[in-house]
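Numbering (full-length UniProt numbering), first residue to last: 12 to 447.
One structure is given below, encoded as structure tokens.
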Ligand code: PLP
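This is how it looks when you write it as structure tokens:
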């Protein structure tokens, strides 16, 4: 890396990015291109000779940005939030600059130790039970995504159970979630060798606001045991993807415990809000869980990717995921003095992701982060109010609906008002008359 070239190009790139954010509202939120548009615009092969950064940036402006869906636009309300921030961005920059591969403590001690400290900080903000923090048998780790988080804990749970009942029982293992649980659970089952018929996505309905009723879980478990199957994993959700429903963690956790099952809580989307004391109640019962996950890259101003996972028993992860080839051996690891995060995840290599989360926590401070979350909740309530004032619309969940997810960092009340106007105008066109 040539420092002077970095200085020159870096400034140019930062200016480009700053202008992008300045003008972000002018882009159509959803990319308007047709499939295959880019191949027509770019050459068939990589250039033999170096090009100037300016040429590349010109292409980004004219050819790439039209094919971008602008998740950071204040007018983005699809899927779920995927926050960026100056702090998160600077952390990413620093991580790219240091560019170490921190699979073991020895490969960059600061990376492992900062990750442990920052996850303890965040765990304390969420008021997670002490067992999830690093001084005991548990601890936190940053995964790329919530899908990886549920996969690694499912593997740990699977192997823990197989050590108890014998390896040949793999085909009898059963997993439980609800029809609202994120599809990442199903994918984890596929990868983890759980028989496709043994992934139970139990039906929910409006009588429990789409939360998973504990009685239904108990009944399913009892039935499976009676036919010789082995329940081993239950996934509860705090903030389901489609309607932000919260499963009854305490009761589900008790059921899991009394059946020797692993209980995972997926709060990927909504977990961030629980750093506000008034929303912490949604995590009540997390003390019964074996693992807990929240995506800082969704609604916590931390650029993608940063999925924070805590476990009570780190050895369960390590027993499933550790390998110890000769070339990775070192004194600190062999003396068991350190955490080697390679044994808590699928890949060997890992990025210095904790830097960006650390920078977010430090450059905002807890008070501002709480304010940020509360503001989004207020904006969502404002939208609900708008809907309530127009008799042609109804705020509901669980059937074919228009879903409106507030959470982009730049969104203000005026953006919500503009989006509501679009919806009202469309309704007037569809129904043939404006609201009286
Ligand atoms: N769990 C919940 C509740 C989610 O909302 C999502 C994302 O939509 C996921 C899991 C999957 O997240 P990721 O993309 O980090 O795997």
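C-beta: ideal position from N, C-alpha, C; glycine also.
Burial state of residue i, where buried means 16 or more other Cβ atoms lie within 10 Å
i: residue 85; result: buried
i: residue 305; result: buried
i: residue 448; result: Beyond the ends of the chain as shown, which are 12 and 447, falls residue 448; an answer cannot be given.
i: residue 325; result: buried
i: residue 266; result: buried
i: residue 392; result: exposed
i: residue 410; result: exposed
i: residue 39; result: exposed
i: residue 234; result: exposed
i: residue 381; result: buried
i: residue 162; result: buried
i: residue 92; result: buried
i: residue 224; result: buried
i: residue 443; result: exposed
i: residue 201; result: exposed
i: residue 98; result: buried
i: residue 55; result: exposed
Per-residue DSSP class, three states only, for residue i
i: residue 356; result: coil
i: residue 155; result: coil
i: residue 312; result: coil
i: residue 79; result: coil
i: residue 96; result: coil
i: residue 303; result: strand
i: residue 3; result: This structure leaves residue 3 out entirely; the chain is present only between 12 and 447.
i: residue 10; result: The structure shown has nothing for residue 10, since the chain only spans 12 to 447.
i: residue 148; result: coil
i: residue 449; result: Because residue 449 is not part of the residues shown, which for the chain are 12 to 447, the question remains open.
i: residue 417; result: coil
i: residue 70; result: helix
i: residue 274; result: strand
i: residue 257; result: strand
i: residue 441; result: helix
i: residue 400; result: coil
i: residue 87; result: coil
i: residue 113; result: coil
i: residue 120; result: helix
i: residue 285; result: helix
i: residue 63; result: coil
i: residue 32; result: helix
i: residue 262; result: helix
i: residue 268; result: helix
i: residue 178; result: helix
i: residue 405; result: coil
i: residue 50; result: coil
Stretch pair the segment 258-266 + the segment 215-224: three plus CB contacts closer than 8 Å
Taking 8 Å as the limit for Cβ pairs, the verdict is that the segment 215-224 does touch the segment 258-266.
Enumerate, from N- to C-terminal direction, the unbroken alpha helix (DSSP H) stretches of 4 or more residues contained entirely within the segment 184-254.
With a minimum length of 4 residues, the continuous alpha helix (DSSP H) runs that stay inside the segment 184-254 are 195-203, 225-237.
Evaluate the contact criterion for the segment 375-391 versus the segment 402-420: three or more CB pairs, one atom per stretch, below 8 Å.
Verdict: yes, contact present.
Does the contact criterion of 3 or more C-beta pairs under 8 Å hold for the segment 338-353 versus the segment 367-377?
For the pair of segments examined, the segment 338-353 was found not to touch the segment 367-377: the number of CB pairs separated by less than 8 Å stays below three.
Given 8 Å, three or more beta-carbon pairs between the segment 93-110 and the segment 350-360
No: fewer than three Cβ pairs fall under 8 Å.
Contact between the segment 394-406 and the segment 154-174 (3+ Cβ pairs under 8 Å)
They do not touch, by the three-pair rule.
Count the C-beta pairs between the segment 113-121 and the segment 292-300 that are closer than 8 Å, then say yes if the count reaches three, no if not.
With fewer than three CB-CB distances shorter than 8 Å, the segment 113-121 does not count as touching the segment 292-300.
Sufficient close CB pairs (3 or more, under 8 Å) joining the segment 313-333 to the segment 137-156:
Between the segment 313-333 and the segment 137-156, the count of Cβ pairs shorter than 8 Å is three or higher; the stretches touch.
In the segment 314-385, which residue ranges form an unbroken alpha helix (DSSP H) of at least 4 residues, counting only runs that do not cross its ends?
Whole alpha helix (DSSP H) segments, 4+ residues: 325-332, 342-345.
Quick one: any contact between the segment 428-437 and the segment 273-286, if contact means 3 or more CB pairs under 8 Å?
In short, these stretches do not touch, since the Cβ pair count stays below three.
Validate contact between the segment 163-176 and the segment 230-244 using beta carbons, cut 8 Å, 3 pairs:
Yes, they touch.
Can you find at least 3 beta carbon pairs, one from the segment 32-50 and one from the segment 60-79, that sit closer than 8 Å?
The segment 32-50 is in contact with the segment 60-79.
At a cut of 8 Å, does the segment 129-142 reach the segment 177-194 through at least three beta carbon pairs?
Two segments are said to touch when three or more pairs of C-beta atoms, one from each, lie closer than 8 Å; by this definition the segment 129-142 does not touch the segment 177-194.
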